[in-house]
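Each residue of the first sequence is one higher than the last, beginning at 12 in my numbering.
C-beta: ideal position from N, C-alpha, C; glycine also.
No experiment lies behind these values; they were computed from the predicted model shown.
Working notes for the structure below.
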Amino acid sequence: MDGKYDHKQIEKKWQALWETAGMYRASDKSNKPKKYVLDMFPYPSGEGLHVGHPKGYIATDIYSRMKRMQGFNVLHPMGWDAFGLPAEQYAIKNKIHPRVAVDKNVARYKEQLSDIGFDYDWSREVNTTDPTFYKWTQWIFLKMFEKGLAYESYEPINWCPSCQTGLANEDLEDGKCERCGTLVEKKPMRQWVIRITKYADRMLNDLDKLDWPTSIKESQRNWIGRSEGAEIDFKIGGSGKVTTVFTTRPDTLFGATYCVLAPEHKLIDELKESITNLSEVEGYREETKIRTEIERTAEGREKTGVKCEGISVVNPANGEELPLYVADYVLGNYGTGAVMAVPAHDERDFAFAKKFSLPIVKVVQGGGTDGEAYIGNGNLFNSGRFDGVSNEVAKRKITDFVNGRWVTKYRLKDWVFSRQRYWGEPIPLIHCETCGVVPVPEKDLPVVLPEVESYAPTGTGESPLADIAEWVNVSCPKCGGAGKRETNTMPQWAGSSWYYLRFIDPHNTEALVDKEKEKYWSPVDMYVGGAEHATRHLIYARFYHKFLYDIGAVNYEEPFSRLQNVGLIMAEDGRKMSKRWGNVVNPDDIVAEYGADTLRLYEMFMGPFGQSVAWSTQGIVGPYRFLERVWRLKNKLQQTTDNRQQEDQKLNTELHKTIKKVTDDIEAMSFNTAVSQLMIFANELEKEPQISRIAYETFLKLLAPFAPHITEELWHEIGNTSSVHGASWPVFDLQKIVEKEVIIAIQVGGKVRDTMTVARDLDENAVLLLALSRPIVAKWTEGKEVIKVIHVPHKLLNIVIGEG
RNA sequence: GGGCGUGUGGCGGAACUGGUAUACGCGUACGUCUCAGAAGCGUAUCCCGCAAGGGUUGGGAGUUCGAGCCUCCCCACGCCCACCA
Numbered sequence: 012m013d014g015k016y017d018h019k020q021i022e023k024k025w026q027a028l029w030e031t032a033g034m035y036r037a038s039d040k041s042n043k044p045k046k047y048v049l050d051m052f053p054y055p056s057g058e059g060l061h062v063g064h065p066k067g068y069i070a071t072d073i074y075s076r077m078k079r080m081q082g083f084n085v086l087h088p089m090g091w092d093a094f095g096l097p098a099e100q101y102a103i104k105n106k107i108h109p110r111v112a113v114d115k116n117v118a119r120y121k122e123q124l125s126d127i128g129f130d131y132d133w134s135r136e137v138n139t140t141d142p143t144f145y146k147w148t149q150w151i152f153l154k155m156f157e158k159g160l161a162y163e164s165y166e167p168i169n170w171c172p173s174c175q176t177g178l179a180n181e182d183l184e185d186g187k188c189e190r191c192g193t194l195v196e197k198k199p200m201r202q203w204v205i206r207i208t209k210y211a212d213r214m215l216n217d218l219d220k221l222d223w224p225t226s227i228k229e230s231q232r233n234w235i236g237r238s239e240g241a242e243i244d245f246k247i248g249g250s251g252k253v254t255t256v257f258t259t260r261p262d263t264l265f266g267a268t269y270c271v272l273a274p275e276h277k278l279i280d281e282l283k284e285s286i287t288n289l290s291e292v293e294g295y296r297e298e299t300k301i302r303t304e305i306e307r308t309a310e311g312r313e314k315t316g317v318k319c320e321g322i323s324v325v326n327p328a329n330g331e332e333l334p335l336y337v338a339d340y341v342l343g344n345y346g347t348g349a350v351m352a353v354p355a356h357d358e359r360d361f362a363f364a365k366k367f368s369l370p371i372v373k374v375v376q377g378g379g380t381d382g383e384a385y386i387g388n389g390n391l392f393n394s395g396r397f398d399g400v401s402n403e404v405a406k407r408k409i410t411d412f413v414n415g416r417w418v419t420k421y422r423l424k425d426w427v428f429s430r431q432r433y434w435g436e437p438i439p440l441i442h443c444e445t446c447g448v449v450p451v452p453e454k455d456l457p458v459v460l461p462e463v464e465s466y467a468p469t470g471t472g473e474s475p476l477a478d479i480a481e482w483v484n485v486s487c488p489k490c491g492g493a494g495k496r497e498t499n500t501m502p503q504w505a506g507s508s509w510y511y512l513r514f515i516d517p518h519n520t521e522a523l524v525d526k527e528k529e530k531y532w533s534p535v536d537m538y539v540g541g542a543e544h545a546t547r548h549l550i551y552a553r554f555y556h557k558f559l560y561d562i563g564a565v566n567y568e569e570p571f572s573r574l575q576n577v578g579l580i581m582a583e584d585g586r587k588m589s590k591r592w593g594n595v596v597n598p599d600d601i602v603a604e605y606g607a608d609t610l611r612l613y614e615m616f617m618g619p620f621g622q623s624v625a626w627s628t629q630g631i632v633g634p635y636r637f638l639e640r641v642w643r644l645k646n647k648l649q650q651t652t653d654n655r656q657q658e659d660q661k662l663n664t665e666l667h668k669t670i671k672k673v674t675d676d677i678e679a680m681s682f683n684t685a686v687s688q689l690m691i692f693a694n695e696l697e698k699e700p701q702i703s704r705i706a707y708e709t710f711l712k713l714l715a716p717f718a719p720h721i722t723e724e725l726w727h728e729i730g731n732t733s734s735v736h737g738a739s740w741p742v743f744d745l746q747k748i749v750e751k752e753v754i755i756a757i758q759v760g761g762k763v764r765d766t767m768t769v770a771r772d773l774d775e776n777a778v779l780l781l782a783l784s785r786p787i788v789a790k791w792t793e794g795k796e797v798i799k800v801i802h803v804p805h806k807l808l809n810i811v812i813g814e815g
């Protein structure tokens, strides 16, 4: 009966049996409380999984298995985020259809995931590239278009010359394309933009409701970047024109010594006739246009700019005439693209003023040296009637004095939503010569991605779809006249912004999601994924959800109530795992050698879940040995069927402590310490000559979420006929955790000198008497005066003695 | 420059609300089993010291009977955002 622990044989066996039994299917008709546990779904790349990918999935698997055993109706689904550039580039390179590549990669990923024994409800699998899925991605876009949230724009956008597509701000890293590392250019082109900024305020405020890591919430706050300030008009001398600046420091208005426009500011074009050094100004504008983001920052923040000769602006506070500059340290797409410069109280203005020898006028008292700007608070001076007023108070007063407007600005930009690539959802719009932009009628959705000869980008700023005349040319749904389809596709983020809703109702062809089902399952209770999504996926999804709430499609305002970050698994050399470094560890190899249960246990045991830890080939044997010992423990199981046997008091206490610790730790996603406690308990069991059935079964149940296969095998081995994963989760008994005898540390003058075991309920006096009677303690207290005694019940006694 | 976070043995890490620092695991050493090896099992393993004892949580100060944990200063590292007026 007691063969060796053969993970290969038992893991395959149980995976097949669970799948056949449909054990992990979520029920839509249930009186049980629900738990919706979700992983950020993967992008199925051609490389397959490395051991870092499943870490988060293991965590949600453990969490959902415990919740199921605790009696919840659990939804734990999985799907594929399969549109986007990598699949397309792979297709171009290997000359196969992206659809074929995606299907192949999905099959591979699914197989790898299945080998690890996850409890996914595969009946709800979704794929963002499936027309029945992207029908609804397009539907949401249409709704946004209807509500005026999608608009066409010709502003210069980030253009990746290598990927040949426009990119959103969020897709940049250090001014480079996040995907290929190419320097991004500014390129004016027609594009679709989503008015995400309209939701900035709500996204900011509702962060307080969420049980999310503070670091992610802070990232989002900074990314949305709300700031309050004033818009103030400066007249342009003689022209009758006005420039409006945005400032958070209207209190320093009297200290303004010049104004600055961003190079792309339209006002410059309007002033062309008055600018006497126009060629110089235009030269500078050209120069900054081709300058990439990275160059703008790599110059070590050395300020550049050029004065607009012949132009002066009037400070509305004191009527002074100030020079006007064009400089690229002012951003065209923030605020009004124009600033008033107060070198005395702003570091950037100070640096610019120094370089161009512009006057520096102090108006706020405080600060030390003259070598830097003073940005702190203080009372005003040099400020006319506002002298002596504290600058904080003066902010509003000066704004009113010059007829300024108090406004709120956001750092968040509207979302550039079009990509000039093939492998994405077609934007469901038609351009009609007479009606303008017309939405594709809902009944005609999905607009299916057509077959093309070449997936490669055209380079003209149009997607390859533009070459397919029979697809592009359609009749206008409104007037029946000649129309052309929109050929831009959506960014990869579109599908992932709402996929969690599709899992609730994956086969619905009539609606995005059934409202009753949505009401039951939403919101996602536990969402696990990488912290790198803080300012992209997690912003977009929150925005989508709020929009869907506004149009009545969903019942809740926020999609994910609780969020947990997964820490990366680094390679053994401390670097990121990458094919490039040749340091990738494949989970298939680990499963083959040690088994899925060991892989799962090891990844949870490595370190704190949210922290990144390096893989250790040596370290993995620890969990493996642990499982082998668990396997052998069954030989110690009492052969008697009598459960009321005298339980070892100490073992029983440890058992209930273990139940509590493992339960609490899984709830808190503190898996490393849960595993550690399971090991401690197994060590205790090993010391016993015989193990009671109740202790053994409880232990198996606690271990089951971590190591589902071996526990299932042992569970059946000892005579159970139903699955351990359907068993009820153990509940601890507080009475049993309380130990009757406790170990007290005895300190003399704050240093531990002795320990003793005493009955739990002894009072301070009794403990002190016992302690003083001990020879070691006596040695340290002899002849000394006891000044004070500190007693921490059940833990510690500190005898504070005098010097003499 | 800003935000968030981290610093504990040879290594990954544990420590509840300020109460016996180094749990659990890896590694290492010795022993046991074996014809031999592997695996397993047992013992030991923060540092100094024969011991008594002393020291130790990046460095320095402070609060406290008592600090890895609280306060202040400094150092190092990691991640995210960075000319956002």
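Worksheet item: Given residue 655, which residues of its chain have a CB within under 7 angstroms of its CB, disregarding the five upstream and five downstream residues?
Response: Your numbering for residue 655 matches position 644 in the first sequence. Annotation note: pLDDT 47 at residue 655 (below 50); position unreliable, no value reported.
Fill in: Residue environment, residue 426, which counts as buried when at least 16 other CB atoms sit within 10 Å
The residue labelled residue 426 in the question sits at position 415 within the first sequence. Per the 10 Å Cβ criterion, buried.
Worksheet item: Would DSSP call residue 547 helix, strand or coil?
Response: Along the first sequence, read from residue 1 onward, the residue named residue 547 stands at position 536. In this structure, residue 547 counts as coil in the three-state DSSP scheme.
Item to complete: Excluding the 5 residues preceding and the 5 following residue 376 in the sequence, name in chain order all residues of the same chain whose CB lies nearer than 8 angstroms to its CB.
Response: Residue numbering aside, residue 376 sits at position 365 when the first sequence is read from its first letter. Closer than 8 angstroms at the Cβ level, and outside the excluded window around residue 376, lie 389, 390, 391, 392.
Practice prompt. Could you check the C-alpha separation between residue 431 and residue 474 for me, to the nearest Å?
Written response: Taking the first residue of the first sequence as position 1, residue 431 is located at position 420. Taking the first residue of the first sequence as position 1, residue 474 is located at position 463. Approximately 4 angstroms between the Cα atoms of the pair.
Practice prompt. Taking residue 50 as part of the beta strand (DSSP E), name the residues at either end of that continuous run.
Written response: On the first sequence, residue 50 is found 39 positions in, with the first residue counted as 1. Residues 45-50.
Item to complete: Would you please state the rounded distance, in angstroms, between the beta carbons of residue 80 and residue 736? I believe it to be under 8 angstroms.
Response: On the first sequence, position 69 is the one that residue 80 refers to. On the first sequence, position 725 is the one that residue 736 refers to. Confirmed, Cβ separation roughly 7 angstroms.
Worksheet item: Can you tell me whether DSSP reads residue 789 as helix, strand or coil?
Response: For the purposes of this step, residue 789 is taken as residue 778 along the first sequence, with counting starting at 1. In the structure shown, residue 789 sits in a helix (DSSP, three-state: H, G or I).
Worksheet entry | Buried or exposed by the 16-neighbour rule on C-beta atoms within 10 Å, applied to residue 518 | For the purposes of this step, residue 518 is identified with residue 507 of the first sequence, where counting begins at 1. Exposed, by the Cβ-count rule.
Fill in: Residues of its chain near residue 134, where Cβ-Cβ distance is below 7 angstroms and the 5 sequence neighbours each way are ignored
In the first sequence, residue 134 corresponds to position 123, counting from 1. Correct list, in chain order: 36.
Discussion item. Could you check whether the region 111-131 touches the region 480-489, counting it as contact only if at least three pairs of C-beta atoms, one from each stretch, sit closer than 8 angstroms?
Written reply: no
Item to complete: Using a threshold of 7 angstroms, state whether the C-beta atoms of residue 535 and residue 47 are closer than that.
Response: As a working note, residue 535 is residue 524 in the first sequence. As a working note, residue 47 is residue 36 in the first sequence. For residue 535 and residue 47, yes; Cβs fall inside 7 angstroms.
Fill in: Pairwise C-alpha distance: residue 245 and residue 179
Residue 179 sits at position 168 when you count from the first residue of the first sequence. Residue 245 sits at position 234 when you count from the first residue of the first sequence. Between residue 179 and residue 245, the C-alpha separation is close to 33 angstroms.
Fill in: Through-space distance from residue 78 to residue 24, alpha-carbon basis
In the first sequence, residue 24 corresponds to position 13, counting from 1. In the first sequence, residue 78 corresponds to position 67, counting from 1. Near 24 angstroms, if we compare the C-alpha coordinates of residue 78 and residue 24.
Worksheet item: Anyone know if the C-beta pair for residue 160 and residue 206 falls short of 7 angstroms?
Response: On the first sequence, residue 160 is found 149 positions in, with the first residue counted as 1. On the first sequence, residue 206 is found 195 positions in, with the first residue counted as 1. In contact: residue 160 and residue 206 (Cβ atoms closer than 7 angstroms).
Practice prompt. Kindly indicate which three-state DSSP category residue 802 falls into: helix, strand or coil?
Written response: Against the first sequence, residue 802 aligns to sequence position 791. In the structure shown, residue 802 sits in a strand (DSSP, three-state: E or B).
Discussion item. According to DSSP, is residue 850 part of a helix, a strand, or is it coil?
Written reply: Because the chain is modelled from 12 through 815, residue 850 falls outside the range shown and cannot be assessed.
Item to complete: Would you tell me roughly how many angstroms separate the C-alpha atoms of residue 529 and residue 114, rounded to the nearest one?
Response: Indexing the first sequence from 1 puts residue 529 at position 518. Indexing the first sequence from 1 puts residue 114 at position 103. C-alpha separation (whole angstroms): 29 angstroms.
Worksheet entry | Sequence-distant residues of the same chain with beta carbon closer than 6 angstroms to residue 553, five excluded per side | Counting from one through the first sequence, the residue named residue 553 turns up at place 542. Hits under 6 angstroms: 214.
Worksheet item: Mind checking whether residue 716 and residue 21 have CB atoms under 7 angstroms apart?
Response: By 1-based counting over the first sequence, the position of residue 716 is 705. By 1-based counting over the first sequence, the position of residue 21 is 10. Contact flag unset, no.
Worksheet item: Could you give the distance in angstroms between the alpha-carbon of residue 140 and the alpha-carbon of residue 501?
Response: Residue 140 sits at position 129 when you count from the first residue of the first sequence. Residue 501 sits at position 490 when you count from the first residue of the first sequence. Going from the Cα of residue 140 to the Cα of residue 501 covers about 12 angstroms.
Practice prompt. Compute the Euclidean distance between the alpha carbons of residue 708 and residue 509, then round it to the nearest angstrom.
Written response: Position 697 of the first sequence holds residue 708. Position 498 of the first sequence holds residue 509. Residue 708 and residue 509: Cα-Cα distance of roughly 41 angstroms.
Worksheet item: Considering only the beta carbon of each residue, do residue 449 and residue 489 sit closer than 7 angstroms?
Response: Reading the first sequence from its first residue, position 438 is the one you call residue 449. Reading the first sequence from its first residue, position 478 is the one you call residue 489. Closer than 7 angstroms, so yes.
Fill in: Straight-line gap, residue 236 to residue 402 (C-alpha atoms, nearest Å)
Along the first sequence, one-based indexing puts residue 236 at 225. Along the first sequence, one-based indexing puts residue 402 at 391. Cα to Cα, residue 236 sits roughly 23 angstroms from residue 402.
Worksheet item: Excluding five sequence neighbours on each side, which residues of the same chain lie with their C-beta closer than 6 angstroms to the C-beta of residue 18?
Response: Your numbering for residue 18 matches position 7 in the first sequence. Hits under 6 angstroms: 606.
Fill in: Pairwise C-alpha distance: residue 538 and residue 76
Here residue 76 refers to the residue found at position 65 of the first sequence. Here residue 538 refers to the residue found at position 527 of the first sequence. If I take the Cα positions, the gap works out to 15 angstroms.
Item to complete: Entirely within the region 307-381 and at least 4 residues each: give me those alpha helix (DSSP H) ranges in chain order.
Response: 358-366
Worksheet item: From residue 314 to residue 345, what distance separates their C-alpha atoms?
Response: The sequence position of residue 314 within the first sequence is 303, counting from 1. The sequence position of residue 345 within the first sequence is 334, counting from 1. If you take the alpha carbons of residue 314 and residue 345, they lie about 18 angstroms apart.
Worksheet item: Nearest to residue 523 by alpha carbon, out of 175, 144, 600, 792?
Response: Numbered from its first residue, the first sequence carries residue 523 at position 512. Nearest option by C-alpha distance: 144.
Discussion item. Using 7 angstroms as the threshold, is the C-beta distance between residue 855 and residue 725 below it?
Written reply: Any property of residue 855 remains undetermined from this structure, which presents the chain solely from 12 to 815.
Discussion item. Using a Cβ-Cβ cutoff of less than 6 angstroms, which residues in the same chain neighbour residue 366 once the five nearest sequence positions on both sides are dropped?
Written reply: Within the first sequence, numbered from 1, the residue matching residue 366 stands at position 355. Answer for residue 366: 314, listed in chain order.
Fill in: Distance, residue 263 Cα to residue 241 Cα
Numbered from its first residue, the first sequence carries residue 241 at position 230. Numbered from its first residue, the first sequence carries residue 263 at position 252. Going by the C-alpha atoms only, they are around 12 angstroms apart.
Fill in: Span of the alpha helix (DSSP H), counted from its first residue to its last, around residue 123
Mapped onto the first sequence, residue 123 falls at position 112. Start and end: 109-126.
Item to complete: Specify the secondary structure class of residue 481 as computed by DSSP and reduced to three states.
Response: For the purposes of this step, residue 481 is identified with residue 470 of the first sequence, where counting begins at 1. If DSSP states are grouped into helix, strand and coil, residue 481 belongs with the helices.
Worksheet item: For the 8 angstroms Cβ check, are there 3 or more pairs between the region 347-355 and the region 270-288?
Response: yes
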